[in-house]
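Protein chains: 2
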Amino acid sequence: MAYRRTERVQEQLQDKRDRILQAVRAVVAEVGFRGAQVAMVAEAAEVATGTVYRHFPSKGELFAEALALNAGHEVEVVAAVAKSDGPAAARLADALRVFAVRAVRARRLAYAMIAEPAEPEVDAARLVYRRAFADVFETLIEDGIKNGEFPAQNARAAASCVMGALNEALIGPLAPESRPQKGDAPTTKALVDAIVAFCLQAVAARPYPRPLLRSVESTP
Amino acid sequence: MAYRRTERVQEQLQDKRDRILQAVRAVVAEVGFRGAQVAMVAEAAEVATGTVYRHFPSKGELFAEALALNAGHEVEVVAAVAKSDGPAAARLADALRVFAVRAVRARRLAYAMIAEPAEPEVDAARLVYRRAFADVFETLIEDGIKNGEFPAQNARAAASCVMGALNEALIGPLAPESRPQKGDAPTTKALVDAIVAFCLQAVAARPYPRPLLRSVESTP
DNA sequence: ACAAGAACTGAACCGAGGTTCATTCCATGG
DNA sequence: CCATGGAATGAACCTCGGTTCAGTTCTTGT
Numbered sequence: 242m243a244y245r246r247t248e249r250v251q252e253q254l255q256d257k258r259d260r261i262l263q264a265v266r267a268v269v270a271e272v273g274f275r276g277a278q279v280a281m282v283a284e285a286a287e288v289a290t291g292t293v294y295r296h297f298p299s300k301g302e303l304f305a306e307a308l309a310l311n312a313g314h315e316v317e318v319v320a321a322v323a324k325s326d327g328p329a330a331a332r333l334a335d336a337l338r339v340f341a342v343r344a345v346r347a348r349r350l351a352y353a354m355i356a357e358p359a360e361p362e363v364d365a366a367r368l369v370y371r372r373a374f375a376d377v378f379e380t381l382i383e384d385g386i387k388n389g390e391f392p393a394q395n396a397r398a399a400a401s402c403v404m405g406a407l408n409e410a411l412i413g414p415l416a417p418e419s420r421p422q423k424g425d426a427p428t429t430k431a432l433v434d435a436i437v438a439f440c441l442q443a444v445a446a447r448p449y450p451r452p453l454l455r456s457v458e459s460t461p
Numbered sequence: 242m243a244y245r246r247t248e249r250v251q252e253q254l255q256d257k258r259d260r261i262l263q264a265v266r267a268v269v270a271e272v273g274f275r276g277a278q279v280a281m282v283a284e285a286a287e288v289a290t291g292t293v294y295r296h297f298p299s300k301g302e303l304f305a306e307a308l309a310l311n312a313g314h315e316v317e318v319v320a321a322v323a324k325s326d327g328p329a330a331a332r333l334a335d336a337l338r339v340f341a342v343r344a345v346r347a348r349r350l351a352y353a354m355i356a357e358p359a360e361p362e363v364d365a366a367r368l369v370y371r372r373a374f375a376d377v378f379e380t381l382i383e384d385g386i387k388n389g390e391f392p393a394q395n396a397r398a399a400a401s402c403v404m405g406a407l408n409e410a411l412i413g414p415l416a417p418e419s420r421p422q423k424g425d426a427p428t429t430k431a432l433v434d435a436i437v438a439f440c441l442q443a444v445a446a447r448p449y450p451r452p453l454l455r456s457v458e459s460t461p
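Chains as they are written, first to last, in my numbering: chain A, 242 to 461; chain B, 242 to 461.
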């Protein structure tokens, strides 16, 4: 017999795999999920189309892994801020800001990561990373509750709401049609400030007196 | 010459068009956008596939119109609650509740309307209806600010945040894999309560004292 | 009853793009 | 330097589902 997967080859394999994942990132940042096709990714990675399938079972899984990789990194960055020291409120504000700033800086990619339609596997991966972000926020909120900064509340739900508010409010500026334009930065800054204010008050303010609720009607 | 589009025929045409739109709704409520194909819709509408194209130029536009129709209805219902009388806070709470209750009642459909990947035209239609919902909330918030119930704030951004918080927090229970189960209703109720509490505090609470903010780091 | 012209039908068509695979290239150990 | 077998290649293939259109059915006015 001859040929045994040597160390060097193993590394080259790994490198190629990584290159492909990075290529997905680059292509998606350029044309979004909708426009990203396997052949393009292969080209960007300087690899033949078939080679992609040597490393990943399908387009869906490839893209999902690429998204997970990228999202994981973002989660780490945000989590680092969230776990720094200082009052929970300040940490929450900073975490939101970091998320927003980084998203706006990489518009197209962020839009794809957050909102763009894609294969089911990618969607599943999105759910996972959203959960991961929400977990970061949840921990932060629980911290705040424990040390008396925040009133008692459903931390899990609040974390989802924070995540949602952040995403939704950012989609406008991130959407592919809204190109960066003169006077864009200040607008974005104002928006981020508004988001931060919104979330902080939601989480940190004293409970609003239970309003009298009317019956909830509905028609099919 | 003979044959002139008579009144009766005109109505039949209209009826058929409506039937097709309703069929889209039914099919999407069943299998979501992903699984919905034109042939299915035609069958559900008791019409031949080709007939669909007599009334709509393409699948994308058909589906987009169906979504717009449905969403428009929901917006009306929520807007009605939002425009009723009473304190703005109570109206906001009720509006959120109505939205949530109706969404949970029609899980699959709501999920498709809110979050499921679909053709670009459908996405565009989604943006429009999101804007419409946000507008309803925005008006409500401005009302509250005017009459002194709510502190001054960026109503537009706050409305987006409310919309996002609502959507995101609901996606969990709405997601196709999470089937309704024993003990589901109370959980859902608790979740809706949490969402309402979150949004009300965000919008209605006194401004949170500006926290000291640290610098915002980032790594590429 | 019949001609004229719509509207309907649904099987066939077609394009796009993900996937495959026969062939070529290259690393390994003897 | 050669035999062995994994890795890479990329053009051909295949599938799926939206779209078309030639033939049929139905309506209308004479």
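We treat Cβ as the ideally placed atom computed from N, Cα and C, and that holds for glycine.
Please read these numbers as outputs of a predicted model, since none were measured by experiment.
>> Going by DSSP, what residue range makes up the alpha helix (DSSP H) through Ala416/A?
In response: The count along the first sequence starts at 1 and reaches residue 416/A at position 175. Counting along the chain, Ala416/A falls outside any alpha helix (DSSP H), and DSSP gives it neither H nor E.
> Got a sec, what are the start and stop residues for the alpha helix (DSSP H) Asp384/A sits in?
Replying inline: In the first sequence, residue 384/A corresponds to position 143, counting from 1. That run of the alpha helix (DSSP H) goes Pro361 to Lys387.
> What is the DSSP secondary structure of Pro461/A, reduced to helix, strand or coil?
Replying inline: Working through the first sequence from its first residue, we reach residue 461/A at position 220. Any reading at Pro461/A must be qualified, since the residue scores a pLDDT of 41, below 50, and its modelled position is unreliable; no value is offered.
> Relative to the alpha-carbon of Val345/A, which residue among Ala334/A, Arg372/A and Leu415/A has its alpha-carbon at the smallest distance?
Replying inline: For the purposes of this step, residue 345/A is taken as the residue at position 104 of the first sequence. Nearest C-alpha to Val345/A: Leu415/A.
>> Tell me which residues of the stretch 245-278 of chain A have at least one Cβ-Cβ distance to chain B shorter than 8 Å, keeping chain order.
In response: The residues in question are Arg275.
> Which whole-angstrom value is the C-beta distance of Gly405/A and Ala309/B, which I expect to be below 8 Å?
Replying inline: By one-based count along the first sequence, residue 405/A stands at place 164. By one-based count along the second sequence, residue 309/B stands at place 68. Contact between Gly405/A and Ala309/B is absent: CB atoms are separated by about 23 Å, not below the 8 Å threshold.
> When DSSP labels each residue in this structure, what does Thr428/B get in the three-state scheme?
Replying inline: Indexing the second sequence from 1 puts residue 428/B at position 187. Taken through DSSP and simplified to helix, strand or coil, Thr428/B comes out as helix.
> If we count the other Cβ atoms within 10 Å of its Cβ and call it buried at 16 or more, is Glu287/A buried or exposed?
Replying inline: The residue labelled residue 287/A in the question sits at position 46 within the first sequence. Exposed, since its Cβ has fewer than 16 Cβ neighbours within 10 Å.
>> Using a Cβ-Cβ cutoff of less than 6 Å, which residues in the same chain neighbour Glu357/B once the five nearest sequence positions on both sides are dropped?
In response: In the second sequence, the residue the question calls residue 357/B occupies position 116. Within the same chain, Glu357/B has close Cβ partners Gly273 and Phe274.
> If you follow the alpha helix (DSSP H) that Arg245/B is part of, which residue opens it and which one closes it?
Replying inline: Taking the second sequence and counting its residues from 1, one reaches residue 245/B at position 4. For Arg245/B, no alpha helix (DSSP H) segment is defined, and its DSSP state is neither H nor E.
>> According to DSSP, simplified to helix, strand and coil, what is Asn408/B?
In response: Stepping through the second sequence from its first residue, residue 408/B is reached at position 167. Correct three-state label for Asn408/B: helix.
> Asn388/B versus chain A: which residues are under 7 Å apart at the beta carbon?
Replying inline: Taking the second sequence and counting its residues from 1, one reaches residue 388/B at position 147. Within chain A, no residue has its CB atom less than 7 Å from the CB of Asn388/B, the nearest being about 14 Å off.
>> Is the separation between the beta-carbon of Ile261/B and that of His296/B shorter than 7 Å?
In response: Residue 261/B sits at position 20 when you count from the first residue of the second sequence. Residue 296/B sits at position 55 when you count from the first residue of the second sequence. Result yes, Cβ atoms of Ile261/B and His296/B sit closer than 7 Å.
> Nearest-angstrom Cα distance between Ala446/B and Phe391/A?
Replying inline: Translated into positions along the second sequence, residue 446/B becomes position 205. Translated into positions along the first sequence, residue 391/A becomes position 150. Across the structure, Ala446/B and Phe391/A are spaced so that their CA atoms are roughly 13 Å apart.
> Is the CB-CB distance between Phe323/A and Ala336/A below 7 Å?
Replying inline: Here the question's residue 323/A lines up with position 82 in the first sequence. Here the question's residue 336/A lines up with position 95 in the first sequence. Reading off the sequence, residue 323/A comes out as Ala, not Phe. By the CB criterion at 7 Å, Ala323/A and Ala336/A fall inside the cutoff.
>> Against chain B, does Leu381/A count as a neighbour if the rule is that its beta carbon must be under 7 Å from one of theirs?
In response: Position 140 of the first sequence, counted from the first residue, corresponds to residue 381/A. No, its Cβ sits nowhere closer than 7 Å to a Cβ of chain B.
> Got a sec: which bits of the stretch 289-312 of chain B sit with their beta carbon under 8 Å from any beta carbon on chain A, in order along the chain?
Replying inline: Residues of the stretch 289-312 of chain B with a C-beta less than 8 Å from any C-beta of chain A: none at all.
>> Measuring only the C-alpha atoms, how far is Asn311/B from Tyr370/B?
In response: Against the second sequence, residue 311/B aligns to sequence position 70. Against the second sequence, residue 370/B aligns to sequence position 129. Those two C-alpha atoms are separated by around 10 Å.
> Which residues in the same chain have their Cβ closer than 8 Å to the Cβ of Leu454/A, if we skip the five residues on either side of it in sequence?
Replying inline: The count along the first sequence starts at 1 and reaches residue 454/A at position 213. Low confidence applies here, because Leu454/A scores a pLDDT of 43, under 50, leaving its location unreliable; read the following figure in that light. Excluding sequence neighbours, Leu454/A sits near nothing in its chain.
>> Beta carbons nearer than 9 Å to chain B: which residues of the stretch 357-370 of chain A have them?
In response: Residues passing the 9 Å Cβ filter: Glu357, Pro358, Ala359, Glu360, Pro361, Val363, Asp364 and Leu368.
>> Closest to Arg397/B by C-alpha separation, out of Ser325/B, Pro328/B, Asp376/B and Ser299/B, would be which residue?
In response: As a first step, residue 397/B is located in the second sequence; it is residue number 156 there, counting from the start. Checked all of Ser325/B, Pro328/B, Asp376/B and Ser299/B; the closest Cα to Arg397/B is Asp376/B.
> In chain A, what lies closer than 9 Å to Gln394/B by C-beta?
Replying inline: Position 153 of the second sequence holds residue 394/B. Under the 9 Å cutoff, chain A gives Ala435, Ala438, Phe439 and Gln442.
> Going by other Cβ atoms of all chains shown within 10 Å of its Cβ, with 16 needed for buried, is Ala280/B buried or exposed?
Replying inline: As a position in the second sequence, residue 280/B is number 39, starting the count at 1. Ala280/B counts as exposed, since fewer than 16 other C-beta atoms from the protein chains shown sit within 10 angstroms of its C-beta.
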